[in-house]
Each structure stands twice: as C-alpha cells, then as structure tokens.
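**Q** So the sequence lines, in the order shown, correspond to chains A and B.
Under the working numbering, residues 10 to 192 are what the first sequence spells out, in order.
Under the working numbering, residues 99 to 520 are what the second sequence spells out, in order.
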Amino acid sequence: MSDDENTAGEGADASADEIDAGPDHETRFGAIVTDSLGDVVLHADRETYLDTMTAAKDDGFDQLIDLTAVDFLAYAAPRDLPDGLDAERFEVVVQLINHERGDRVRVRVQVPADEPVVPSLFDLWPGSEALEREVFDMFGIEFDEHPDMSRILMPEDWVGYPLRKDYAVGSIPVQFKSASNVR
Amino acid sequence: MTAERVLRRGDDSAVLRLSETAAAEIGNDPDTMADDERVLLNMGPSHPSTHGVLRLMLEMEGETVLRSKPVVGYLHTGMEKQAEQLSFLQGCTNVTRMDYASPLFSELAFSLTTEKLLGIEVPERAVWIRMLMCELNRMSSHLLFMATNGMDLGAVGMMIYGWREREEVLRFFEMVTGLRMNHNYIRPGGVAADLPDGWEAEVERILEITEPRLEEYDVLMTGQPIWRERLQGVGVLNTDEALALSATGPLLRSTGYAWDLRRDEPYLAYDQVDFDVLVGTYGDCYDRFAIRLNEIRESMKIVRQILEKMPSGDYRIQDKKVTPPPRVRIDQSMEALIHHFKIFTEGYKVPAGEAYCAVESPRGELGVYIVSDGTSTPYRMHVRGPSFINLQTMPHLMKDGLIADGVAIISSVDPIMGEVDR
C-alpha cells in the first residue's frame, strides 16, 4: 500500500486535513478507503478528485468501466460514509479497472446540490465522454472541461433532470381504441 | 501504439461535437459550412443498417466520412427510473428488455448484484442452469450478429441462415422459460423453473444442427474473397484506443487484448469449464466477425461440458426470505398463502448498501450497480450497457473511411439500441 501512497502525490497532501478527522482510515491515491461487500471503495474529495483519478491512472488503472451518479435526496437508510466526510445530495460513482492486476476500485465523490459541478475525466479516459453526458442529462451534474456537455438520451430542449428523486415519474393518459367507456 | 487520436477535443477529432439544433441550421443554409466541399449528412434513425434507431450525423467530403456523431435516445423509456418503482422481484422483467438480443445476461447481472446485497448464495444446479442458458444465449446473440452482419453487407442469404439457427435456440428458450425473448427466467435466488424433461436431447439437437452450419458460414463468408475484401482493414482500432474509450467485449478482444470476464474474473462456475478466449490481430471489422463466429464454437464447447456436469438439486435457494412457497403448499397452509402474497405484493427487503456485479455479455462487460436503502425496491439501479459505451468508438472507426464502409462498421460494433437508450 505504501507504493500507492507515494504515487498519490499531491492528492494525498491536499486531502490530509480531511483524513485527520478520522484517524483510522486507510488512504489510497489521497482518498479514504472503505470496503463495500468485498469491493474496494475510495471516497475522494471533490477538490482533489482529479488528483486521485490521475494517481489511479498512473498506478495502472487503465480503463474507466463505468461512471454514474446517485441522488440521495430521499434515501431512507443512514449513509455509509467514513467519518470526516460530509454527505451531500449527489454522489458521482466511478468504476475503474486495472487489467494487469485484475484489480477494481469504485470511486465515490460527494457533490453538493447547490453547486453540482465535478471535473471531467475526459483527458484521462476519453471513454467517460458519453457517461458524463448521461449523468448531466439525468442528474444535471455538470462536468468541468468536458468537450461536449450536452444531453444525450433526452431531447436537447428537455427541461428537468429525470433521474433526480424530486422528478416525478409522471403518466400520460392512454386511450384504447376499442374501449367504449371513456372515464 | 497510442491513444492520442481519441483524446483530441477540437476540430481534428473524429467526433462531430455539434448539437442537433446547430446541425439543422447548417442543413438549412449549407453556405455556413467552413469548406464548400463538405456536407452534413443525416443517416437514420430509421435506416435498415442502423440496427433499430441509431442516428448518425456525418460530416462528409465526397464519399469520405470526416467526422461523425451517433445521436441516441430514440428508444429511451427511462428504464433506470422505472427500476426504482419495481421491487427486486420485478426488476428482472425490466432489465431483460434492455438488450433484447441477449436478455438473460441482463437478468443475470441484476440477480448477481441483488444476491450480493442479500448475501445469499444460490444452489449449484441453479448456477449451472444459468450458465447453460447464458451460453446458449451467447450463441443466439452471435447468430443474430451473423445474420445482420451478412445482411448489412449484401449477403442476404446469410440473414436467413443466421435467423434459422437462432430460431432453434429461441425454441429451446421457449420450452424452458415460456418465452422466446424477455424471459424473466434468471431471478434473484436462482431461476424461475427447473429445466423441463428432455432438455438434454433438445440441447444436443441444437449443437448437432449448429456445428455443420457454422462450417457453411465459413464457406459462405469467412473464406470468401468478396467478404474479406469488404471487411479486412476496415474500421481499425488499436488496443490503447479501445482501452481509452472503455470498449469491452469482442471490440476490445479484436485488438489482440485477451480480456474476458468469464476467464479473468470468473463468476458462476466458469472456472470449472474449459474454453478459449479468442483475440484478433488487426482490430478491424473482419477480426470482430471472426471472433464472434468462433465464440459460437467456444460457447458450444462450454454447453457440451455443462451437459456432462449438470448437477442435481434445487434450482432456487430455499431461503423463505426470497423464495415463494411451492404452489401445492398454498392450497394446504394459510401461512404459505400469506407468504406467497407478501412476496408478490410487497417483495422482499434488501439490506442497505451498494454493490456492482459484471458479467461478460456477447457485447462486453454488462454491469449492474444497485444502491439499496433497505426497502424492497432498489433506491437506484444503473446498468453499464456495453452497447452504449462501445458506440463511442464508432466515429473513430469511421474517420476517413467510405460511407459504404460505415455500414460495415456500425454492424461490427453490434450495438443493441434497447440497451443503448434504456
């Protein structure tokens, strides 16, 4: 693990303050490490998110597998965050893989509702382009320095962010042709 | 090898980063294009070779594609939002409709993730039934690819042959699950029903039929000069680019990179069967075709081993928390009736937490990420659709090629739009 801390470089120093709050936490690439049902989860700070990701890439995480977000507005259970991390409304979740070692990590970043902006990972893994557009489309989280921050699945002129928890499912009346009784 | 090409942001990138509104304006007034020789061309969303409703915005110079952009979302029905309304038991009916050519893989990934959250382990027979069904599904999915790939490139006979063989597999699925597609067969806790009597003979029949027909495909396509001419050297991607663009499955393997979750991160019982991971050399359309064709053979090899090794026992977990009581018990016991009713109305509660599980679908890594807050519906369900992500390679594959080759490229990326748009 000491190698990882060395490669983390700037990220480790910058987020050292956060880590002091919870003294027992192990860190990797400058992010707090926890375990979720056997998976390695890194809780990155939004300020040092890009440094954490750069360090991860330098460590051999050569592919970004997935990037998505969760809106915790209506979450009923306690949030499973390590001490010293403030829970925010949104969370961006990134899955990375290191093919050489067969190693996977999940990076989670807290994103506040009043400023939903996160740096884009395009320059590290250009495969994040469509996934970040999807998160922007569905949650309204913007990715700084993204080459094409636009909607991808919804129409361009759509208003609202469908996967947010305060966005109602909605319904449209369907009238069947053969139905004789109209309500 | 370098991935520099795919990292470009500006006008020299292969991706046409232009909004639909801006494109429509240019269409109305062609003089606004920087160069008079260039035209913006719209392809799809309703086009026979775009596999459903894929729309491509192409910047053309003569017959050469300069930049392009896949425009998606025409099939978007908010399935991830829908998943938040459905219980974990109902969830499979939803995800199975995403990748409709390989529905069992979505069900499997969803079930594995739910089981991980529940902390349950399914009986051995259920594991092997799942594996049997998935490998047959891989065969049917790749056979469909053979059919559409042939059709797109003018081998219309191939379309009929591919569908003919696929139908044999679908007939078996109907026998086991009751449906040809959208099975809702693999469920958290096991599978919906045990294999019916005589399933071995039926599977053997499929293998017997398919084997010589794959030889026919070789004659019809693999060794045929026109076919090779049409595919070799078209739509080339190198390993670094494929990794950078998050491409998985045959697209990544065609570049010579041996990565298959069945071998490298074995799930189910893939560590107990013997098969080869196929890789290409050049990363072109021909390699992708050849990999899929031979993956049918590898799947058949796995199916043969499953026929030999299929264990006996339960086909679903006997955990009352997730498994409804047997039908006969409902007539005999009040408690069984209540239990049945509870599971099918309220569903079972899944402990709070988050989990991600991935399987190797015919198109690449298919992952499901679920966040649960301790209720009986997922708080958030996200599907990592390989088609959606593999689609990003398309502009890079098409760059500086002919538009006729574009058709071969769309076909060889093999996107299923149901999964792209979700």
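Where is the CB? At the ideal position from N, CA and C, for every residue including glycine.
With DSSP as the reference, label I284(B) as helix, strand or coil.
**A** As a position in the second sequence, residue 284(B) is number 186, starting the count at 1. Strand at I284(B).
**Q** Restricting to Cα atoms, I'd like to know which of P221(B), P460(B), L489(B), Y446(B) is closest to T473(B).
**A** Residue mapping note: residue 473(B) aligns to position 375 of the second sequence, counting from 1. Of the listed residues, the one whose Cα sits closest to T473(B) is Y446(B).
**Q** What residue range does the alpha helix (DSSP H) around L234(B) cover?
**A** Numbered from its first residue, the second sequence carries residue 234(B) at position 136. Here the alpha helix (DSSP H) through L234(B) covers 222 to 250.
**Q** Please list, in chain order, the residues of the region 392 to 426 of chain B that have any C-beta partner in chain A closer than 8 Å.
**A** For the region 392 to 426 of chain B, which is checked against every Cβ of chain A, not one residue is closer than 8 Å.
**Q** Starting from the C-beta of G217(B), find all residues in its chain whose C-beta is less than 6 Å away, skip the five residues before and the five after it, and write them out in chain order.
**A** Here residue 217(B) refers to the residue found at position 119 when the second sequence is read from its first residue. None.
**Q** Tell me which residues of the region 157 to 183 of chain B have at least one Cβ-Cβ distance to chain A shorter than 7 Å, keeping chain order.
**A** Those residues of the region 157 to 183 of chain B that come within reach of chain A (Cβ to Cβ, closer than 7 Å) are V170, G171, H174, G176, E178, K179, Q183.
**Q** Assign V168(A) to one of two classes, buried (16 or more other C-beta atoms within 10 Å of its C-beta) or exposed (fewer than that).
**A** Position 159 of the first sequence, counting from 1, holds the residue named residue 168(A). The residue is exposed, with fewer than 16 neighbouring Cβ atoms inside 10 Å.
**Q** Per the DSSP calculation, C455(B) is bridged to which residue(s)?
**A** Looking up residue 455(B) in the second sequence gives position 357. Bridge partners of C455(B): V466(B).
**Q** Applying a beta-carbon distance threshold of less than 9 Å, which residues of chain A neighbour E452(B)?
**A** Numbered from 1 along the second sequence, position 354 holds the residue referred to as residue 452(B). The answer, in chain order, is S45, L46, D48, V50, V79, D89, V102, R115, R117.
**Q** Considering only residues of the same chain and omitting the five flanking positions on each side of E517(B), which have a CB-CB separation below 6 Å?
**A** Taking the first residue of the second sequence as position 1, residue 517(B) is located at position 419. Cβ neighbours of E517(B) beyond the five flanking positions: M196, D197, G483, S485.
**Q** Have a look at G136(A) and S431(B) and give me their C-alpha separation to the nearest angstrom.
**A** Walking along the first sequence from the start, residue 136(A) turns up at place 127. Walking along the second sequence from the start, residue 431(B) turns up at place 333. Looking at the two C-alpha atoms, the distance is approximately 55 Å.
**Q** Do L234(B) and G260(B) have their beta-carbon atoms positioned less than 8 Å apart in this structure?
**A** Here residue 260(B) corresponds to residue number 162 of the second sequence, with the count starting at 1. Here residue 234(B) corresponds to residue number 136 of the second sequence, with the count starting at 1. Result no, Cβ atoms of G260(B) and L234(B) do not sit closer than 8 Å.
**Q** Any C-beta of chain B sitting closer than 8 Å to the C-beta of P156(A)?
**A** What you label residue 156(A) is simply residue 147 of the first sequence in a count that begins at 1. So, interface residue.
**Q** Helix, strand or coil for D374(B)? Go by DSSP, reduced to three states.
**A** Start at 1 with the first residue of the second sequence, and residue 374(B) comes out as number 276. Reduced to three states, the DSSP call for D374(B) is coil.
**Q** Going by C-alpha to C-alpha distance, which of F442(B), G499(B), S204(B) sits closest to V420(B)?
**A** Here residue 420(B) refers to the residue found at position 322 when the second sequence is read from its first residue. Checked all of F442(B), G499(B), S204(B); the closest Cα to V420(B) is F442(B).
**Q** Under a three-way DSSP split, which group does E182(B) fall into?
**A** What you label residue 182(B) is simply residue 84 of the second sequence in a count that begins at 1. If DSSP states are grouped into helix, strand and coil, E182(B) belongs with coil.
**Q** Can you tell which of G462(B), D498(B), G381(B) has the C-alpha that lies nearest to the C-alpha of L359(B)?
**A** For the purposes of this step, residue 359(B) is identified with residue 261 of the second sequence, where counting begins at 1. The shortest Cα separation from L359(B) among G462(B), D498(B), G381(B) belongs to G462(B).
**Q** On the three-state DSSP scale, how would you describe A122(A)?
**A** Reading the first sequence from its first residue, position 113 is the one you call residue 122(A). Looking at A122(A) - three-state DSSP - the assignment turns out to be coil, as it is neither helix nor strand.
**Q** Buried or exposed for S129(A), please, with buried defined as at least 16 other CB atoms from any protein chain shown within 10 angstroms of its CB.
**A** Translated into positions along the first sequence, residue 129(A) becomes position 120. Counting Cβ neighbours within 10 Å, S129(A) comes out buried, since at least 16 surround it.
**Q** Between which residues of its own chain and R361(B) is the CB-CB distance below 8 Å, once the five residues before and five after are set aside?
**A** Against the second sequence, residue 361(B) aligns to sequence position 263. So the qualifying residues of the chain are Y368, F373, V375.
**Q** Taking A64(A) as part of the alpha helix (DSSP H), name the residues at either end of that continuous run.
**A** Reading the first sequence from its first residue, position 55 is the one you call residue 64(A). First-last of the alpha helix (DSSP H) with A64(A): 58 to 67.
**Q** At least one CB of chain B closer than 8 Å to the CB of M163(A): is that the case?
**A** Translated into positions along the first sequence, residue 163(A) becomes position 154. Judged by the 8 Å Cβ criterion, M163(A) is in contact with chain B.
**Q** Going along the region 61 to 79 of chain A in order, which residues come within less than 7 Å of chain B, judged by CB to CB distance?
**A** For the region 61 to 79 of chain A, which is checked against every Cβ of chain B, the residues closer than 7 Å are D71, Q72, L73, I74, D75, T77, V79.
**Q** Go ahead and pull the three-state DSSP assignment for E138(A).
**A** Walking along the first sequence from the start, residue 138(A) turns up at place 129. Of the three classes helix, strand and coil, the one that applies to E138(A) here is helix, per DSSP.
**Q** At a Cβ threshold of 8 Å, is Y132(A) touching chain B?
**A** Position 123 of the first sequence holds residue 132(A). The residue you asked about is not Tyr; residue 132(A) is Asp in the sequence shown. Yes, D132(A) counts as interfacial toward chain B.
**Q** Could you check what DSSP says for H145(B) in three-state terms: helix, strand or coil?
**A** If you number the second sequence from 1, residue 145(B) lands on position 47. Residue state, collapsed to three classes: coil.
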